[in-house]
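Trainee: Numbering (this note's numbering), first residue to last: 1169 to 1548.
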Ligand code: GAL
């Protein structure tokens, strides 16, 4: 595992030109930095640079975390200096304490851009047609779940085909035999074509649902959730971002079953992050203001199928009305605690986007997220 993580460090122009001796020295330096860091760094400081085992700011935005055996794996979008489009793909980092993270490299790589080849040979899937996940596409909010039946790691993400802005509105699926990958891209498409939601004949804010019935529903900001009974769900912004869909997955977690419900129709929710506490499902979302922060929303339900009830903003403290300048991405259960994870986007310098990780407290039975400059996490 250790070796795999070290070897999988993304190649930079610098490491490309290093001699073997220099690379050995660099790896040694990195090891030293890592063991020092692990001794010292025990606290989480939201909004600050978060160095990995090589001292580089973690590059895993719009991310989510998978716990497998006693290790946590953080998956997220690799962001570039100048563009939010995917030039690398999905990154993976691993950790035992959720504070110190090792760079495991690229979990799912985008395929080389057709434009980048000067010999005229198409790359990608080798069929002469460019791949759906061609470099320059938009690949956002990757989430990974483990399927104990197939023993596969299943990654779902929001995909926008290269050069089409946000109009494709698809989800993509990839699969791997090991948590850190490499993931094999399987397919991308719109959701639940030709299928009405479980509510049956749709009512209210159904203009786009009807419009996209035949071709498939739009699928943008998303997360995955595995329930206690092993059933998994894909939760995504659909219908021009007006309405969230919660769609059940097949037993192998690689497809929709066709059973889905609409949540908060017309509510314009994005960035869904879900968790279950004492039998109640809680969902935190954002409004739709692109990269700019807005006030978080919170919902609860007695069943994943609803009915969902909206509650006031759970954030407390400075800039609580703007989700501390972030946007939700995931809620991670750790023992009997939950960590709220969000992104502070930097659209002009995407690689410098920051992370918000805060503990979720319960007050009068409802989740509350209080700003803390610094806090210590007990993983035991
Ligand atoms: C946000 C969304 C991000 C990204 C961005 C693009 O609302 O949550 O994942 O798609 O818009 O403007």
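Yeah, the Cβ is synthetic: ideal placement off N, Cα and C, and Gly gets one too.
DSSP puts residue 1355 in a beta bridge; with which residues?
Mentor: 1341
Trainee: Taking C-alpha atoms, which residue in 1520, 1539, 1233 lies nearest to residue 1224?
Mentor: 1520
Trainee: Just checking residue 1549 against the ligand GAL - is the residue's beta carbon closer than 7 Å to any of the ligand's heavy atoms?
Mentor: Examination of residue 1549 is not possible in this model, given that the chain is present from 1169 through 1548 alone.
Trainee: Rounding to the nearest angstrom, what Cα-Cα distance links residue 1250 and residue 1397 in this structure?
Mentor: 43 Å
Trainee: Report all residues from its chain with a CB closer than 6 Å to the CB of residue 1334; omit the five preceding and five following residues, and keep chain order.
Mentor: 1328
Trainee: Does at least one heavy atom of the ligand ADP sit under 7 Å from the Cβ of residue 1385?
Mentor: Only the ligand GAL can be found as ligands here, which leaves the ligand ADP out of the picture.
Trainee: Who does residue 1234 pair with in a DSSP beta bridge?
Mentor: 1241
Trainee: Considering only heavy atoms of the ligand GAL, does any lie closer than 7 Å to the CB of residue 1438?
Mentor: yes
Trainee: Got a sec: does the ligand GAL put a non-hydrogen atom nearer than 7 Å to the Cβ of residue 1272?
Mentor: no
Trainee: Using the three-state DSSP reduction, which class does residue 1491 fall into: helix, strand or coil?
Mentor: helix
Trainee: Say the cut is 7 Å; is the CB of residue 1340 nearer than that to a heavy atom of the ligand GAL?
Mentor: no
Trainee: So the candidates are 1474, 1462, 1256, 1423; which of them puts its Cα closest to the Cα of residue 1323?
Mentor: 1423
Trainee: According to DSSP, simplified to helix, strand and coil, what is residue 1518?
Mentor: helix
Trainee: Between the beta-carbon of residue 1461 and the beta-carbon of residue 1491, is there less than 8 Å?
Mentor: yes
Trainee: Between the C-alpha atoms of residue 1279 and residue 1309, what's the straight-line distance to the nearest angstrom?
Mentor: Near 18 Å, if we compare the C-alpha coordinates of residue 1309 and residue 1279.
Trainee: Apply the 10 Å Cβ neighbour rule to residue 1475 and answer buried if 16 or more other Cβ atoms are within range, or exposed otherwise.
Mentor: exposed
Trainee: Can you tell me which of the three DSSP states residue 1202 falls into?
Mentor: When DSSP states are grouped into helix, strand and coil, residue 1202 belongs to the helix group.
Trainee: Do you know offhand how far residue 1294's Cα is from residue 1259's?
Mentor: For residue 1294, the predicted structure reports a pLDDT of 45, less than 50, and the residue's modelled location is therefore unreliable. A value from the coordinates is still provided. Computed Cα separation, rounded: 24 Å.
Trainee: Taking the continuous alpha helix (DSSP H) assigned at residue 1378, which residues delimit it?
Mentor: First-last of the alpha helix (DSSP H) with residue 1378: 1375-1379.
Trainee: Taking 7 Å as the cut-off, is the C-beta of residue 1332 nearer than that to any heavy atom in the ligand GAL?
Mentor: no
Trainee: If I measure Cβ to Cβ from residue 1347 and keep anything under 7 Å in the same chain, skipping five residues before and after, which residues do I get?
Mentor: 1234, 1236, 1241, 1321
Trainee: So does residue 1465 have its beta carbon nearer than 7 Å to some heavy atom of the ligand GAL?
Mentor: Not one heavy atom of the ligand GAL falls within 7 Å of the beta-carbon of residue 1465.
Trainee: Could you pull the start and end residues of the beta strand (DSSP E) that residue 1406 belongs to?
Mentor: Start and end: 1400-1406.
Trainee: Once DSSP output is grouped into helix, strand and coil, what is the label at residue 1275?
Mentor: strand
Trainee: With DSSP as the reference, please indicate the residues paired to residue 1263 in a beta bridge.
Mentor: 1240
Trainee: On a Cα-Cα basis, can you pick out the residue from 1371, 1190, 1357 that is closest to residue 1388?
Mentor: Of the listed residues, the one whose Cα sits closest to residue 1388 is 1357.
Trainee: DSSP three-state call for residue 1195: helix, strand or coil?
Mentor: helix
Trainee: Does residue 1193 pass the burial test, meaning 16 or more other C-beta atoms within 10 Å, or should it be called exposed?
Mentor: exposed
Trainee: Since residue 1220 and residue 1271 are thought to touch, with beta carbons under 8 Å apart, how far apart are those beta carbons, to the nearest angstrom?
Mentor: 5 Å
Trainee: Residue 1452 to residue 1407, Cα distance in whole Å?
Mentor: Taking C-alpha positions only, residue 1452 is separated from residue 1407 by approximately 19 Å.
Trainee: If you run the structure through DSSP and keep just helix, strand and coil, what is residue 1478?
Mentor: In this structure, residue 1478 counts as strand in the three-state DSSP scheme.
Trainee: Are there any heavy atoms of the ligand GAL lying less than 7 Å away from the beta-carbon of residue 1309, as far as the coordinates show?
Mentor: Residue 1309 Cβ: within cutoff of the ligand GAL.
Trainee: Return the residue from the list 1438, 1391, 1365 that minimises the CA-CA distance to residue 1427.
Mentor: 1365
Trainee: So which of 1367, 1340, 1363, 1478 has the shortest CA-CA distance to residue 1354?
Mentor: 1340
Trainee: I'd like to know whether the C-beta atoms of residue 1222 and residue 1244 end up nearer to each other than 8 Å.
Mentor: no
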